[in-house]
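Accompanying notes for the structure given below.
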Amino acid sequence: MTTSVSNRHLHAEAQAELDELAALPWMLRLTAICLLATGLGWVAGSFAAVPTWVPWLLYVLAFASGGWFPLGNAWESLRQREFDVNFLMIVAAIGAAAVGQPREGAILMFLFALSNTLETYAMGRTHRAVNALLEMAPDQATRIAADGSQSVVAVADLALGDRVLVRPGERIPVDGIVRIGASSINEAAITGESVPVDKAAGSKVFAGTLNTTGALTIEVTVAVGDTTLARIIETVAEARSQKAKAQDFTDRVIGQYYAYAVVAMTLLAIAIPLLFLDWSVKTTLYRAMALMVVASPCALVISIPAAMLSAMANAARHGMLFKGGRYLEAAAKIKVVALDKTGTLTTGQLSVTQTLDLGQQPTQHWLKAAAAVEAFSEHPLAKAIVTYAEQQNISVPTAVDFQSITGMGAQADVHGELIQVGRPRLWGELVQAQAAKLEAEGATVIGVGTIEQAWGLIALADTVRPESKQAIAALHAAGVERVVLLTGDNRAVAQHVASQLGIDDVRAELLPGDKASMIEELQQTYGPVAMVGDGVNDAPALAKAQLGVAMGVAGTDVALQSADVLLLSDDLLKLAEALRLGRRAQRIVWQNIAFAGSVIVVLLIAALFGNIALPLGVVGHEGSTLLVVANGLRLLRR
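By the UniProt record's numbering, the letter at position 46 of the sequence shown is numbered 46, and the numbering carries on one by one without gaps.
Structure, rendered in structure tokens:
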């Protein structure tokens, strides 16, 4: 069904779910046989000429076909010395037959089998949405040998350093680096973003993504079993086994207490009428079986996982990985979002934001001179200035006699003039005062000129992501009460960024350990905090927060390990989407619990103080189960 790599990353529990889905065709067949046998038995019993053993035989067939899968599940539970809903239903059906009502027992088995079949089909939609990830990576790849020859090999046989050819329309089989070619890649399988990303020589690519236009030669840089897609699959498999706290509590209560209480209540419902109310054995057993059916907690048991699994499947399809139901549950309670600045709100790359001509030389002239000097340097500021000059279509000349001015900048000879590029204080207080105005806006300022006079100032900054302001507004709209900026940058830069984006609070000049302390302080003051960072420098803060969120982590090992929620793309808007999904899932969980609990209470009252028919009790019980599953499946919609 999937690659060998994917299978290695599947949890046993996830594999069991796949096995259950594989049994769905047989569940459908046996449910149909149960219905047919029940109907024929009903018809046969209506004719006096038909021997009584005929309808009984048909009902036995109905019991066997409808109870095939429930009996297996009940037996597994009994081997673990536990009762479950399958055991309760089987006992109730046999009890109905024992008091001369085999038809009602057969109807119970049919409705229970039908409910299980529909439930498996419905939940299968959730599992298929997640398991679609397993189909993304191809099984085979075209390997290019050192002599240029090509051969088709199993992906599992590829080694680090191998080169593979990926043609247009094919999925990329490995994580690697493009060595030859250019193309647009649809990375929706990894990031959830359907807009293709342009790739050229030197670009990183991921297994499972779709090559759309050009042929690419890719060098394998990550072991096949450790690709981003394989690690995502492993994370999703682990998430399935990480239950929400509410689900864990419900499972413990129902598994350890409720089922036993139902059995005890049923035994009392048999003993009390027989000993004290002078009821007949037939009436007593029939009403006890009806009580057992309506008290069974099937809808309660399924109400939480139906919602949680659907929500996590939805999130995974759109590039948001929750590492378990408890983290989805935590997302619903977040009051404060703390954001790192660099790489989260900003691009993490310096660029020229403004130039100031000081009136001594034309702007083009001194920009050309600055770029000529900075062309010798590998410093990020120098690269940004050279890039800006090239974007302005300035032809950068070759400077000579380059020298570094320790702690201040650099100088070089450009067309016979000694040009200095560096801190504004190289030219005195007047230039420093002009630079201070730009620095107050959060920029780093570089001066350009001769030794005697400054010609111009260049302001550089880590540019804010285009979507950051909209993302902050979306967080407030999603119910977040306070957005806080936590950064190691100086306060002036942090305040400038915060004022641009509408951030409520700024904590600047922080070390990684300081950020963790701030998270503790915020949680004590305001309530649950979500910390958003890059998963590397922010690891202590991510660990302290109620919800740790790593953004733009495709291919990042540390982030996959340190955070509770992984946003695979650099789109900060997905954070608000993840929190909204958590709140929506929480609402649906409580709707399900309230509805399932109410139905049980109403049916119990009817069974204890009325005379509810066994088939009607089954319809109410199974109907509520299907309704909570259907309600949970609404979370598959975006």
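We put the CB at the ideal spot given by N, CA and C, even for glycine.
For residue j and residue i, believed in contact at Cβ under 8 Å, the rounded distance
{"i": "residue 660", "j": "Gly214", "result": "No answer is possible for residue 660: it lies beyond the span of the chain, which begins at 1 and ends at 638."}
{"i": "Gln546", "j": "Ala563", "result": "That belief does not hold up - the Cβ atoms of Gln546 and Ala563 are roughly 12 Å apart, past 8 Å."}
{"i": "Val301", "j": "Val480", "result": "About 33 Å; that fails the 8 Å criterion."}
{"i": "Val294", "j": "Gly620", "result": "7 Å"}
{"i": "Val565", "j": "Val589", "result": "Not really, about 18 Å apart at Cβ, beyond 8 Å."}
{"i": "Thr463", "j": "Thr346", "result": "6 Å"}
{"i": "Glu577", "j": "Leu111", "result": "Actually they do not touch by this definition, with Cβ atoms about 39 Å apart."}
{"i": "Pro528", "j": "Leu108", "result": "With a Cβ gap of about 45 Å, Pro528 and Leu108 do not count as contacting."}
{"i": "Val222", "j": "Gly161", "result": "Not a contact, Cβ separation roughly 11 Å."}
{"i": "Gly582", "j": "Leu328", "result": "5 Å"}
{"i": "Leu522", "j": "Leu339", "result": "Not confirmed; about 12 Å, so no contact."}
{"i": "Leu350", "j": "Pro380", "result": "5 Å"}
{"i": "Gly325", "j": "Met308", "result": "4 Å"}
Under 8 Å between C-beta atoms of residue i and residue j
{"i": "Pro424", "j": "Ala410", "result": "no"}
{"i": "Asp514", "j": "Lys341", "result": "no"}
{"i": "Ser624", "j": "Ala93", "result": "no"}
{"i": "Val628", "j": "Ala113", "result": "no"}
{"i": "Leu567", "j": "Leu579", "result": "no"}
{"i": "Val414", "j": "Val352", "result": "no"}
{"i": "Gln453", "j": "Gln360", "result": "yes"}
{"i": "residue 640", "j": "Ala384", "result": "There is simply no residue 640 to check, as the chain begins at 1 and stops at 638 in what is shown."}
{"i": "Ser303", "j": "Leu636", "result": "no"}
{"i": "Thr217", "j": "Ile144", "result": "yes"}
{"i": "Ala332", "j": "Gln524", "result": "no"}
{"i": "Ala459", "j": "Gln354", "result": "yes"}
{"i": "Leu168", "j": "Val155", "result": "Per the sequence shown, the amino acid found at residue 168 is Pro instead of Leu. No."}
{"i": "Leu285", "j": "Ala62", "result": "no"}
{"i": "Val443", "j": "Ala461", "result": "It should be noted that the sequence gives Ala, not Val, for residue 443. Yes, the pair counts as a contact, with Cβ atoms nearer than the cut-off."}
{"i": "Thr117", "j": "Met27", "result": "yes"}
{"i": "Phe322", "j": "Ala315", "result": "yes"}
{"i": "Ala508", "j": "Leu572", "result": "no"}
{"i": "Ala607", "j": "Ala96", "result": "no"}
{"i": "Val205", "j": "Ile180", "result": "no"}
{"i": "Ser183", "j": "Thr212", "result": "yes"}
{"i": "Lys282", "j": "Gly100", "result": "yes"}
{"i": "Gly456", "j": "Leu356", "result": "yes"}
{"i": "Ala44", "j": "Val54", "result": "yes"}
Identified DSSP bridge partners for residue i
{"i": "Gln411", "result": "Gln403 and Gln420"}
{"i": "Val336", "result": "Arg482 and Val529"}
{"i": "residue 682", "result": "Beyond the ends of the chain as shown, which are 1 and 638, falls residue 682; an answer cannot be given."}
{"i": "Ala613", "result": "Answer is none; Ala613 lacks a bridge partner."}
{"i": "Gln140", "result": "Ala154"}
{"i": "Gly183", "result": "Note on identity: in this sequence residue 183 is Ser, with Gly being the wrong assignment. Per DSSP, Lys199."}
{"i": "Thr213", "result": "Note: Thr213 sits in no beta bridge, so no partner."}
{"i": "Gln354", "result": "Ala459"}
{"i": "Glu219", "result": "Arg163 and Ile177"}
{"i": "Phe322", "result": "Val565"}
{"i": "Leu581", "result": "Partner(s): none; Leu581 has no beta bridge."}
{"i": "Thr444", "result": "Leu460"}
{"i": "Ala550", "result": "Gly533 and Leu566"}
{"i": "Gly449", "result": "Gln420 and Ala454"}
{"i": "Arg171", "result": "Leu210"}
Three-state class that DSSP yields for residue i in the structure shown
{"i": "Thr625", "result": "helix"}
{"i": "Leu636", "result": "helix"}
{"i": "Arg465", "result": "coil"}
{"i": "Gly456", "result": "strand"}
{"i": "Gly555", "result": "Any reading at Gly555 is ruled out, since the residue's pLDDT is 46, under 50, leaving its predicted position unreliable."}
{"i": "Asp514", "result": "helix"}
{"i": "Asn81", "result": "According to the sequence provided, residue 81 is Arg. The question's Asn does not apply to it. Arg81: coil per DSSP, three-state reduction."}
{"i": "Asp278", "result": "coil"}
{"i": "Asp505", "result": "strand"}
{"i": "Lys341", "result": "coil"}
{"i": "Val50", "result": "coil"}
{"i": "Val497", "result": "helix"}
{"i": "Val205", "result": "strand"}
{"i": "Asn631", "result": "helix"}
{"i": "Glu378", "result": "coil"}
8 Å Cβ cutoff, residue i in contact with chain B
{"i": "Val224", "result": "Any reference to chain B falls outside this structure, which holds one protein chain only."}
beta-carbon residue i near the ligand ADP non-hydrogen atom, thresh 7 Å
{"i": "Ala410", "result": "Only the bare structure without any ligand can be found here, which leaves the ligand ADP out of the picture."}
Item to check | Given 8 Å, three or more beta-carbon pairs between the region 89-109 and the region 69-77 | outcome: yes
Next on the checklist: Does the structure place the region 393-400 close enough to the region 367-378 that three or more beta carbon pairs sit under 8 Å?
Outcome noted: yes
Item to check | Three CB pairs or more closer than 8 Å across the region 148-160 and the region 197-205 | outcome: Put simply, the region 148-160 does not touch the region 197-205. Fewer than three CB pairs are less than 8 Å apart.
Next on the checklist: Would the region 502-509 count as touching the region 442-456 if we require 3 or more Cβ pairs under 8 Å?
Outcome noted: Touching, no.
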